[in-house]
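*Asks:* Okay, handing you the structure first.
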């Protein structure tokens, strides 16, 4: 199958208390294993950001920004299929101890 000229991109948007939105773009791999790894790494990033046992900051790349968790209002993930985004949300909820209905 020919390679599409449009590469899938995962975008993580972080909204801060000042209203600023930082966007971080990650190319989505072409294999199911690569996508699964990207989902796992994304889930870990979000988990680390909100885990009280980790420092009060976290780093995202593309571009590299260090966020102070005290000033983060929300983290949004876009760019993958609905099923893949649901997988990220469910895994993050489980890691953070939320019950999913």
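Residue numbers (my numbering): 133 to 233. All C-beta atoms, glycine included, are put in the ideal place defined by N, C-alpha and C.
1. When the Cα atoms are used, what is the spatial distance from residue 204 to residue 164?
2. Where does the unbroken alpha helix (DSSP H) through residue 205 begin, and where does it stop?
3. Taking C-alpha atoms, which residue in 187, 175, 215 and 169 lies nearest to residue 202?
4. Please name the residue in 152, 195, 174 and 183 whose C-alpha comes closest to that of residue 218.
5. May I have a chain-ordered list of the alpha helix (DSSP H) segments no shorter than 4 residues that lie completely inside the region 139-223?
6. Quick check on this structure: which residue in 222, 206, 211 and 216 has the alpha carbon closest to the alpha carbon of residue 151?
7. Answer with buried or exposed for residue 216, where buried requires no fewer than 16 other C-beta atoms within 10 angstroms of its C-beta.
*Replies:* Let me lay it out:
1. Cα to Cα, residue 204 sits roughly 31 Å from residue 164.
2. Per DSSP, residue 205 belongs to no alpha helix (DSSP H); it is in the beta strand (DSSP E), 204-210.
3. Looking from the CA of residue 202, the closest CA among 187, 175, 215 and 169 belongs to 187.
4. With distances taken between Cα atoms, residue 218 lies closest to 174.
5. Runs of the alpha helix (DSSP H) lying entirely within the region 139-223 and spanning at least 4 residues, in chain order: 164-182.
6. For residue 151, the closest alpha carbon among the candidates 222, 206, 211 and 216 is that of 206.
7. When all chains shown are included, residue 216 counts as buried.
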